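Below you'll find the structure, written out as structure tokens, and then a few comments.
Numbering (the UniProt record's numbering), first residue to last: 1 to 138.
In structure tokens form, the structure reads like this:
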């Protein structure tokens, strides 16, 4: 079965380092209002925190009452970030067991102004379930 993939692209008025810093600032996580089938975030807290960043685990409580863990598995703040999302409770656990969220930063594209960053964000479910809910074929 092919994975479900969500992708978005945006030009943001921040440097990659500022974006990475905001990801580590869990007080900002409740600003996420949701995307597609993913609910908005109510609260986030570190389960595991370290100076290397890779391996840090963040326990998330969503606005619909569901929970999951996001683990930082790749951390190159000027180029690329990857978070592994898992340990979902229902209803998201009915959709997938794992999501990988990858941020790729393009600073030098000709259309990017000074102080801006083009961010490509891919959210891929490697073990998707119930694909027909999205109109996809098996």
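For each residue, glycine too, the CB sits at the ideal point set by N, CA and C.
Every value quoted in this text rests on a predicted model; they were computed, and no experiment measured them.
Taking C-alpha positions only, residue 98 is separated from residue 91 by approximately 13 angstroms.
Following the DSSP letters along the chain, one finds residue 24 inside the alpha helix (DSSP H) bounded by residues 16-24. Residue pairing for residue 51: DSSP places it in no beta bridge. Between the C-alpha atoms of residue 28 and residue 54 there is a straight-line separation of about 20 angstroms. Between residue 69 and the set 62, 77 and 58, the nearest pair of CA atoms involves 58.
Nearest C-alpha to residue 93 among 67, 76, 18 and 77: 67. Residue state for residue 79 is assigned as coil, using DSSP reduced to three classes. Taking a C-beta distance under 9 angstroms as the contact criterion, residue 77 and residue 17 qualify as a contact pair.
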